[in-house]
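Residue numbering for the sequence shown follows this note's numbering, starting at 93 and increasing by one per position.
First up is the structure itself, then whatever we jot down about it.
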Amino acid sequence: MSIEILTLLFFGSLLFFLLLGLPLAFVLGGVSVVFLYFTWGFDSFYMVSSQIWGTMESFTLVAIPLFVFMAMILERTGVAKDLYRMMHLWCGGLRGGLAIGTLGICAVFAAMVGISGAAVVAMGTIALPSMLERGYDKKMALGVINTGGGWGILIPPSILMILYALITGVSVGKMFAAGIMPGILLMVLTAIYILVRCHLQPELAPALPKEERGTWPEKLRALRAVLLPIGVVIMVLGSIIGGITTPTEAAAMGVLGALISAAVYRQFKWSILQEAAIRTFKLTGMIMWILFAAHAFSAAYQSMGAQDLIEGLMNMIPGGPWGIIVAMMVIVFLLAMVLDPVGIMLITLPVFMPIVESLGFDPIWFGILFVINMEIGYMTPPFGFNLFYLKGVVPPSITMKDIYSSIIPFVIVEIVGLGLIMIFPQIATYLPDLLF
């Protein structure tokens with residue numbers, strides 16, 4: 093059977109079972125195993141099992157449950173409420189100040205928890221009612237929370253970056269370092285957009301009245317709210333960048349920081365630990381199945397010899413190597429609208445990475461572009477996770493249409509940031525090259 097027909101059957105089968113609503117990890121792994129059997133026979137399963145065994149021996153893998161557990165604890169500590177009070181006092185005097193303060197809190201949360209969704213739920217519960225009460229345009233408020241909530245997978249530590257590193261073989265530490273400057277860039281671009289638009293349309297996000305801005309003693313006391321989050325960030329990122337710990341050991345430091353935060357906020361309870369542990373077990377189990385599916389897919393894809401077919405198709409794209417990179421970004425952007433990020437990684441990375449490396453591009457730089465696209469996928473309809481997280485906490489008066497329409501200008505800002513990182517790769521590669 094020709095490689096063209098095999099490729100159509102392979103991806104057609106994946107699409108068929110996904111449309112039936114079956115879990116992606118089982119579809120990807122199951123279809124891959126079936127095609128392996130009929131193309132290479134029973135012996136091909138030894139190749140998959142040996143790859144999985146090698147992954148299971150990876151010390152890096154231990155970081156995933158540790159970072160997930162840290163996120164589950166921090167979600168329940170009350171850190172977000174104190175941070176928002178501090179931002180309220182310091183930024184409220186600006187037009188759009190509460191929106192920019194919310195972005196700052198989302199960035200701090202991203203640097204603590206490593207997953208998307210935590211900041212969306214926290215800010216949707218705390219910041220959204222406050223902004224709406226003070227006359228903020230609902231689309232502006234929704235867009236800010238949706239955008240900032242997605243940074244959890246870009247600003248390190250990031251679970252998706254760890255998975256990217258496991259699938260592609262790059263350094264987790266380099267990926268973490270590479271995410272810092274792009275995360276700051278996207279935050280600055282979004283803040284500039286808010287300031288400019290609120291200057292042109294003051295009614296969208298009015299400044300707080302003077303009586304709500306707080307006195308200097310109140311502002312200074314409120315700064316205590318950032319001490320614990322900064323401490324957690326230093327324990328995690330500082331220990332990696334300082335060369336004190338590996339990313340896996342830093343994850344354990346993060347768990348310690350989360351437990352200290354829970355104790356300080358008097359939330360160190362058996363019920364919270366139990367719930368966080370159970371959720372961590374569930375997420376870790378899902379990730380293990382996903383890794384199995386990734387290895388099975390990679391083995392099946394390579395055994396069919398489809399790599400040459402894909403490379404041939406890519407070489408037909410106009411624009412040379414940069415045309416191929418842009419085409420990859422467009423494909424990932426479209427997939428991110430309908431599939432979850434981990435699924436996209438499993439389907440595309442085994443195809444894209446050999447091409448990226450053969451073209452001479454830095455896989456760390458490409459990984460940052462990939463993760464930003466995943467982040468945009470979290471906030472774009474029809475199936476962006478952040479959209480549904482937000483819908484779960486907003487007042488009944490806010491419809492799904494409001495949430496969908498709110499993200500349009502913010503997606504454009506993110507795409508501008510993505511373009512800048514493509515044009516100036518040093519934004520992503522400078523810190524990894526400096527530190528490693």
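Where a beta carbon is used, it is the ideal one built from N, C-alpha and C, also for glycine.
Please read all numbers here as calculations on a predicted model, not as lab measurements.
Check                                                                                                                                                                      : Outcome
Excluding the five sequence neighbours on either side, which residues of its own chain have a C-beta within less than 6 Å of the C-beta of LEU166, listed in chain order?  : MET204, VAL205 and ALA350
So what does DSSP say about LEU81, is it helix, strand or coil?                                                                                                            : In this structure the chain extends from 93 to 528, so residue 81 is not present and cannot be described.
Answer yes or no: do MET396 and PHE102 have a C-beta to C-beta separation smaller than 8 Å?                                                                                : yes
Kindly indicate the opening and closing residues of the alpha helix (DSSP H) around GLU506.                                                                                : 500-515
Quick check on TYR357: does DSSP put it in helix, strand or coil?                                                                                                          : coil
Alpha carbon to alpha carbon, what distance is there between SER94 and ILE370?                                                                                             : 47 Å
Given this structure, state the Cα-to-Cα distance separating GLY235 from LEU438, to the nearest angstrom.                                                                  : 29 Å
Locate the alpha helix (DSSP H) running through ASP525, then write down its first and last residues.                                                                       : 518-527
As a quick exercise: from LEU190, ILE352 and GLY415, pick the residue whose alpha carbon is nearest that of ASP229.                                                        : LEU190
Please report how far the alpha carbon of VAL463 lies from the alpha carbon of LEU441, in whole angstroms.                                                                 : 12 Å
Compute the distance between the beta-carbons of GLY170 and TYR357, then report whether it is under 8 Å.                                                                   : yes
Excluding the 5 residues preceding and the 5 following VAL200 in the sequence, name in chain order all residues of the same chain whose CB lies nearer than 7 Å to its CB. : LEU175 and PRO321
Suppose the cutoff is 6 Å on Cβ atoms and the five residues either side in sequence are ignored; what does the same chain contact list for MET420 look like?               : PHE444
Is there contact here, the stretch 259-277 with the stretch 449-457, by at least three beta-carbon pairs under 8 Å?                                                        : yes
Could you tell me whether the Cβ atoms of GLY121 and ALA385 are closer together than 8 Å?                                                                                  : yes
Of the residues ILE332, PRO474, SER450 and LEU329, which one's Cα is nearest the Cα of LEU427?                                                                             : PRO474
Is DSSP giving MET204 helix, strand or coil here?                                                                                                                          : helix
Can you give me the start and stop residues for the alpha helix (DSSP H) that PHE103 sits inside?                                                                          : 95-111
So the candidates are LEU526, ASP525 and ILE513; which of them puts its Cα closest to the Cα of ILE276?                                                                    : ILE513
Hey, which unbroken runs of the beta strand (DSSP E) at 3 residues or more fall wholly within the stretch 441-491?                                                         : none
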